[in-house]
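Structure record follows, encoded as structure tokens.
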Amino acid sequence: MGTDLAQIYRSYIACLNKQDWPNLGAFVHEDVHYNGKRIGLSGYRHMLEGDFRAIPDLHFEIELLISEPPRIASRLQFDCTPIGMLFGLPVNSKRVQFAENVFYEFLDGRIREVWSIIDKAAIEAQL
């Protein structure tokens, strides 16, 4: 099952990178929680769409992936050019590189819980 969950996660990341929002529900549970708050699938999609508006060249790159069903731990790398503010920082079209450490819990083959920590200090150091 670990390999299957890892493959589902890789397909989820591909879905994000294609901005294939109509298929997001195949990977994300209707009742998804983000950092302890229930935002639901529509709220999760809205959050991601906002990320892509703020960062037009956003691309999710898996650096590290550990699968221990029903959970996934992932370190995602970003190399991007946000157009304005990013996490309260005035990036303003400067290219930045940073990581996100994120944990997921799956229910019925879809993401039900997401806990995310962004390396904001790495962005600050580049400004």
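Sequential numbering from 1 applies to the sequence shown in the UniProt record's numbering. C-beta atoms are modelled at their ideal positions from N, C-alpha and C, and glycine is treated no differently. In this text the structure is predicted, and so the values were computed from the model without any measurement.
By the Cβ criterion, the segment 103–115 is in contact with the segment 70–89, since at least three pairs of Cβ atoms, one from each stretch, lie closer than 8 Å. In its chain, beyond the 5 residues on either side, 40 and 41 have a beta carbon closer than 7 Å to the beta carbon of residue 30. For residue 114, same chain residues with a beta-carbon under 6 Å away, outside a window of 5 residues either side, are 34 and 104 in chain order. In this structure, the beta-carbon distance from residue 80 to residue 55 falls below 8 Å.
Counted as a single uninterrupted DSSP element, the alpha helix (DSSP H) harbouring residue 51 occupies residues 40–54. Judged by their CB atoms, residue 89 and residue 123 are nearer to each other than the 8 Å cut-off.
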